[in-house]
Structure formats: structure tokens, C-alpha cells
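Single-structure report; data block below.
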Amino acid sequence: MNFIKGWYVIYTKSRFEKKIAQKLAEQDFKIYLPVDVVISKWSDRKKKVEKPLFSSYVFVYLETIKDYFKALTVDGVVLFIKFGGRLVRVLDEEINCIKIFLSQYSEVELKGIHDLNIGERKIITSGPFESYPCEILKINNKQKICVKIDSLQQSLIAEIHPYHLI
């Protein structure tokens with residue numbers, strides 16, 4: 001197996017994302033767990049809660065193939081995400097775009113690419129995703145822009161004014 005160091009995606013047991021991120025960090029792995037702050041409502045109260053942006057995903061930076069096997073031994077790790085039998089490596093630029101996206105937008109909505117309706121394709125002209133291709137979705141009579149992160153097969157959705165598109 002030819003191994004290239006970089007960011008890879010771990011698939012976790014349900015609701016194990018934070019535990020696994022903590023365990024990997026304790027083992028000196030560089031990890032990234034993007035979270036969004038949402039308001040959870042119970043019958044007697046409301047509370048701000050950090051929820052993982054990508055359910056059951058934790059990003060880990062692997063230096064060597066040994067790191068790959070070491071990470072697999074952490075309790076709660078199910079597997080590394082693969083497409084076509086190959087490990088998915090996420091580019092540094094994509095990790096940085098997620099970080100910038102989360103710093104500029106709140107109440108982020110996540111959709112799998114396969115869950116989206118086909119819409120008009122545009123290019124974003126400003127902001128953290130400048131020059132990225134996107135799709136327009138009409139949800140609740142509002143235009144929302146779907147910014148695809150291809151290597152994850154996921155999409156981030158945010159409201160963007162039409163004048164930021166070409």
C-alpha cells in the first residue's frame with residue numbers, strides 16, 4: 001500500500017465522535033472534529049450543545065501507515081472511510097475551508113450529496129468558498145447554496161445572497 005501522509009476520515013460508532021477525538025489526541029494524533037453549536041430543547045429547558053458537523057466522522061492526520069493501524073485500535077473506531085477500495089485523503093485546503101466556513105456561518109445544515117435535489121450550478125464569488133462551484137437549493141422559499149466538499153461526499157449548506165454568485 002502506497003501511503004501518503006495527510007488528513008483521513010475515521011468512521012465511528014454512533015455518538016462516539018468526541019470520545020474518539022479525545023482518545024486520539026491523548027495518543028498525540030492531530031485531530032479535527034468540526035462542531036456546530038445548536039440549541040437543544042427539552043420539555044423543561046433549552047441548552048446550547050456542540051454537535052459534530054459530520055455525524056460519526058473524525059478527521060485524523062496520519063504521518064505513517066503505522067498511525068493508521070494504531071488509530072484503528074481505539075475503542076469506538078469502526079473503520080477509515082474508503083471510496084473504490086482506497087482510503088479517502090482530505091486535502092488541507094478542504095479542512096481549512098471547513099474551519100473558515102464554521103467561523104463565518106452558524107446553524108449549519110449538512111446534507112449528503114445523494115440527498116440533494118439537482119439545481120442550478122453557480123460559482124461563489126466571495127467569502128471563504130470563493131471560486132468554489134455550488135448548487136442552489138430552494139428550501140422554505142429561500143435560496144440556499146450547497147458547497148460541495150467532494151472528497152467527503154458531503155455538502156455544507158448556507159444562505160448566501162445571489163449577488164455572491166456568477
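The sequence shown begins at 1 in full-length UniProt numbering and counts up one residue at a time. A virtual CB, placed ideally from N, CA and C, is assigned to each residue, including glycine.
Beta-carbon gap between residue i and residue j smaller than 9 Å
i, j, result
"Tyr40", "Ser14", "Note on identity: in this sequence residue 40 is Ser, with Tyr being the wrong assignment. It is not a contact, given that the beta carbons lie outside the stated cut-off."
"Phe101", "Pro128", "yes"
"Val108", "Phe59", "no"
Residue environment, residue i, which counts as buried when at least 16 other CB atoms sit within 10 Å
i, result
"Phe54", "buried"
"Ile4", "exposed"
"Asp44", "exposed"
"Ser155", "buried"
"Val77", "buried"
"Val90", "buried"
Assigned secondary structure, residue i (DSSP; H/G/I helix, E/B strand, else coil)
i, result
"Leu33", "coil"
"Ser103", "helix"
"residue 185", "The question about residue 185 has no answer, for the chain in this structure spans 1 to 166."
"Glu135", "strand"
Residue i to residue j span [Cα, whole Å]
i, j, result
"Tyr105", "Thr64", "34 Å"
"Asn96", "Lys19", "23 Å"
"Tyr32", "Ala158", "21 Å"
"Thr12", "Lys48", "23 Å"
For this session: Would you list, in sequence order, the uninterrupted alpha helix (DSSP H) runs of no fewer than 4 residues that lie entirely inside the region 49-97?
Result: 65-72
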